[in-house]
Amino acid sequence: MKAYSEKRNAPSAERNQAPIGAQLEKFLPPNAHVLEIASGTGQHGAYFTALRPDIIWQYSDIDMDAHDSQAAYARDNSVQLIMPFRLDVTQDGWWQGIASITNVYCANMIHIAPWAAAMGLAKGARALLNSGEKLFLYGPFLMGDDSARSNLDFAQNLKQRNPTWGVRELVDVEKLFFENGFRLEKTINMPRDNYLLIFARNLVAR
2 MKAYSEKRNA PSAERNQAPI GAQLEKFLPP NAHVLEIASG TGQHGAYFTA LRPDIIWQYS
62 DIDMDAHDSQ AAYARDNSVQ LIMPFRLDVT QDGWWQGIAS ITNVYCANMI HIAPWAAAMG
122 LAKGARALLN SGEKLFLYGP FLMGDDSARS NLDFAQNLKQ RNPTWGVREL VDVEKLFFEN
182 GFRLEKTINM PRDNYLLIFA RNLVAR
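In this text, residue positions in the sequence shown follow the numbering used here: the first is 2, and each later residue adds one.
Written as structure tokens, this is what we have:
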């Protein structure tokens with residue numbers, strides 16, 4: 002069995018965890034059970050659970066190597082942080098077998114992935130969440146003619162690296178989640194031309 006590595010530290014996660022955490026601290030319900038999609042280094046889960054001792058945080062990632070760092074963080078807070086499992090949101094039915102989730106959180110994934118990942122995220126969140134429960138989506142987004150120059154440049158760079166990637170238009174993301182039973186409750190401006198989108202599930206039926 003492969004030994005767990007030490008915790009990894011991504012400078013971007015170090016920068017953005019405080020402003021994101023300030024919002025999640027306000028908007029996560031008491032005793033939330035959060036599924037994080039594409040947990041990366043695991044820093045966000047560790048930071049947010051320190052802010053909110055009442056919440057449970059489930060790590061997941063398609064990248065098995067990332068699980069090592071997530072597991073290292075989870076071992077330090079086994080009460081709140083749940084060991085990671087492999088999750089590919091482009092696979093139909095990925096949500097099956099996942100129980101007791103009250104919220105979904107996903108940061109910096111849908112632009113560094115094909116659009117099918119955003120589609121799978123929306124479809125799975127629809128299956129997992131009940132009426133009023135929230136999904137938090139963080140990252141850069143385009144705003145049509147009002148798009149930040151940095152996000153336009155980033156979008157072009159991503160397309161050059163992989164034509165299926167790209168910073169997504171907010172209107173397209175909102176439409177996708179609306180079609181899957183969510184309404185966009187809040188669009189919060191964040192540092193470095195990022196945004197935190199808060200979607201709420203519309204219907205009780207799953």
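Yeah, the Cβ is synthetic: ideal placement off N, Cα and C, and Gly gets one too.
The model shown is predicted, which means the values in this text are computed figures rather than measured ones.
Pairing L153 with R202 gives a Cβ-Cβ distance that is not under 9 Å. Under the three-state reduction of DSSP output, G182 falls in the coil class, being neither helix nor strand. In the structure shown, A119 falls within a helical segment according to DSSP collapsed to helix, strand and coil.
When C-beta atoms of the segment 37–47 are compared with those of the segment 99–118, three or more pairs fall below 8 Å, so the two segments count as touching.
Sorting F155, N10 and T165 by C-alpha distance to the C-alpha of A114 places T165 at the top. Bounds of the beta strand (DSSP E) holding A201 are N195 to R202.
Between E175 and L159, the beta carbon gap of about 20 Å keeps them out of contact (Cβ cut-off 8 Å). Nearest in C-alpha terms to E170, of all of Y196, A128 and S101, is Y196. In the DSSP assignment, S40 falls outside any beta strand (DSSP E) and carries neither an H nor an E. For I57, the enclosing beta strand (DSSP E) stretches over residues I57 to D62. Under the three-state reduction of DSSP, N152 is assigned to helix. Separation of I57 and F86 (C-alpha to C-alpha, rounded to the nearest whole angstrom) is 15 Å. Bridge pairing for Y106: E37 and F137 [DSSP]. Taking C-beta atoms as the reference points, L136 and F178 count as a pair closer than 9 Å. Spanning the alpha carbons of S70 and D64 requires a straight line of approximately 11 Å. Between A39 and S61, the CB-CB gap stays under 9 Å. DSSP links T188 through a beta bridge to L198. When beta bridges are read from the DSSP output, F86 appears opposite S61. C-alpha of A75 to C-alpha of L82: approximately 5 Å in a straight line. Collapsing the DSSP output to three states places L29 in coil. Going by C-alpha positions, N181 is about 8 Å away from A126. DSSP lists E170 as the bridge partner or partners of L143.
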